[in-house]
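Going by the numbering used here, the first residue of the sequence shown is number 115, and it counts up by one from there.
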Amino acid sequence: MKTVSKNKNFKKKPPPSSIDKNRFNMKVVTSDVCARCLKCERGRRYLQKMSLPGAVGKGVPCILTKGKAYG
């Protein structure tokens with residue numbers, strides 16, 4: 115009788131590299147923060163878009179508020 119191991123094709127995950135550990139997340143900011151800052155092009159474009167009548171926005175990722183990711 116032949117026995118088949120259940121974990122025969124099991125592969126271990128490689129350890130996380132230093133690049134994965136130091137990924138950055140950016141905070142999403144609204145137009146009021148971009149109006150005070152005016153340092154990046156993305157924020158300026160978002161502020162211009164939100165200045166139109168009837169514009170609805172959900173925020174924009176801010177490169178100036180990045181921090182190290184957890185994990």
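Cβ atoms here follow ideal geometry from the backbone N, Cα and C, with glycine treated the same way. Since the model is a prediction, treat every value here as computed from it, not as a measurement.
**Message:** Could you compute how far the alpha carbon of L161 sits from the alpha carbon of L152?
**Reply:** To locate residue 161, count along the sequence shown from 1; it is residue 47. To locate residue 152, count along the sequence shown from 1; it is residue 38. So the alpha carbons of these two residues sit roughly 9 Å apart.
**Asked** Is it buried or exposed for G171, if we count other Cβ within 10 angstroms and need 16 for buried?
**Response** Counting from one through the sequence shown, the residue named residue 171 turns up at place 57. Around the beta-carbon of G171, fewer than 16 other beta-carbon atoms lie within 10 Å, marking it exposed.
Can you give me the Cβ contacts of G173 inside the same chain, cut-off strictly under 7 Å, excluding the 5 residues immediately before and after it?
-> Position 59 of the sequence shown, counted from the first residue, corresponds to residue 173. Result list for G173: V142, V143, T144, in chain order.
- Is it right to say G157 is buried, meaning 16 or more other beta carbons lie within 10 angstroms of its own, or is it exposed? The residue labelled residue 157 in the question sits at position 43 within the sequence shown. The residue is buried, with at least 16 neighbouring Cβ atoms inside 10 Å.
Does DSSP put K163 in a helix, a strand or coil? Position 49 of the sequence shown holds residue 163. Reduced to three states, the DSSP call for K163 is helix.
Put C176 into one of helix, strand or coil per three-state DSSP. Here the question's residue 176 lines up with position 62 in the sequence shown. Three-state DSSP puts C176 in a strand.
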